[in-house]
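Input: a single structure, listed below in structure tokens.
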């Protein structure tokens, strides 16, 4: 996790810290701003993001800080809790820029929250480096102040589909069930998955949307048990991955190929070691 968030902070230094007199500088410290989900739906991942940023700042500061204009500066991050609410995140981003005088932003957790903040940083010309917003739609808006250090959603699951296609002489005979959360990030993943399935001519026999609270996907799994697909694809952030793995285990769902996002964050292999054997799970980093 440090690698991703360390890169994010390093990138923001490269992008913007050329004129510290125009930034929020307290003595020898340059303050970055971040709206993070510390409560609400994304609290767990928001805390992971904050810890990644804090560890990166600590590591940079212990190495002597950053050199700008011949002078060494330490870094600090001012956080606000956006409560996992996009409108609140946008308000807090504007507060950081307008009231707190922050001229460099670190992104929030999730594509939805990043989509809420990006127009604010764009409006005020404040660079935002983000490590948690992967929706490809973020990068089709022409934003000049948004920079990312991770792969986009269209690259998350296609390789699993390619591997499934390579396992058979005729991919068009493969029957696939998919289930996705309804948020912007996962909606983008779904588009990429369906495009890749169509490319190989695979049959989509179920296309479900997961419940909003991600606490129960038994309806989908009951359907999967009845339809007996060759492949199951699931994406619903870490809570969705945890629920899917648990209920696949409890309901004794047996699908030859299972591909799922957020296995690492949900600790699927640790919690369900037998069930997770053979799962294909993309990840941006390994904890």
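Residue numbers (the numbering used here): 3 to 289. Every residue, glycine too, gets a C-beta built ideally from N, C-alpha and C.
query                                                                                                                                                      : result
Below 8 Å on the Cβ atoms is my guess for residue 211 versus residue 242; work out the distance and round it to an integer in Å.                           : About 11 Å; that fails the 8 Å criterion.
Nearer than 8 Å: is that true of the beta carbon of residue 169 relative to any heavy atom of the ligand FMN?                                              : Ligands are entirely absent from the displayed structure, and the ligand FMN is therefore not among its contents.
Within this structure, are the beta carbons of residue 237 and residue 192 separated by less than 9 Å?                                                     : yes
Distance, Cα to Cα, residue 85 vs residue 98?                                                                                                              : 16 Å
Pull up the distance between the alpha-carbon of residue 223 and that of residue 78, whole angstroms please.                                               : 46 Å
Please return the same chain residues whose Cβ sits closer than 8 Å to the Cβ of residue 45, not counting the five positions on each side in sequence.     : 39 and 86
Please classify residue 255: does DSSP put it in a helix, a strand, or coil?                                                                               : coil
Quick one: any contact between the region 129-141 and the region 160-177, if contact means 3 or more CB pairs under 8 Å?                                   : no
Using the DSSP secondary-structure output, state which residues sit across from residue 182 in a beta bridge.                                              : 211 and 237
Quick check on the DSSP output: the beta strand (DSSP E) that includes residue 81 runs from which residue to which?                                        : 73-83
Can you pull the DSSP bridge partners for residue 33?                                                                                                      : 78
Quick one: residues in its chain with C-beta nearer than 7 Å to the C-beta of residue 166, no 5 flanking neighbours on either side, listed in chain order? : 176, 233 and 259
Please report how far the alpha carbon of residue 66 lies from the alpha carbon of residue 37, in whole angstroms.                                         : 26 Å
What is the rounded straight-line gap between the Cα of residue 124 and the Cα of residue 157?                                                             : 26 Å
Going by DSSP in three states, residue 262 sits in which element: helix, strand or coil?                                                                   : strand
Give the straight-line distance between the Cα atoms of residue 286 and residue 61, rounded to the nearest whole angstrom.                                 : 21 Å
Reducing DSSP to helix, strand and coil, say where residue 286 ends up.                                                                                    : coil
Indicate whether residue 139 and residue 190 have their beta-carbon atoms separated by less than 9 Å.                                                      : yes
Under the rule that 16 or more other beta-carbon atoms within 10 Å means buried, what is residue 43, buried or exposed?                                    : buried
Identify the continuous beta strand (DSSP E) that holds residue 141 and give its terminal residues.                                                        : From DSSP, residue 141 is part of no beta strand (DSSP E); its letter is neither H nor E.
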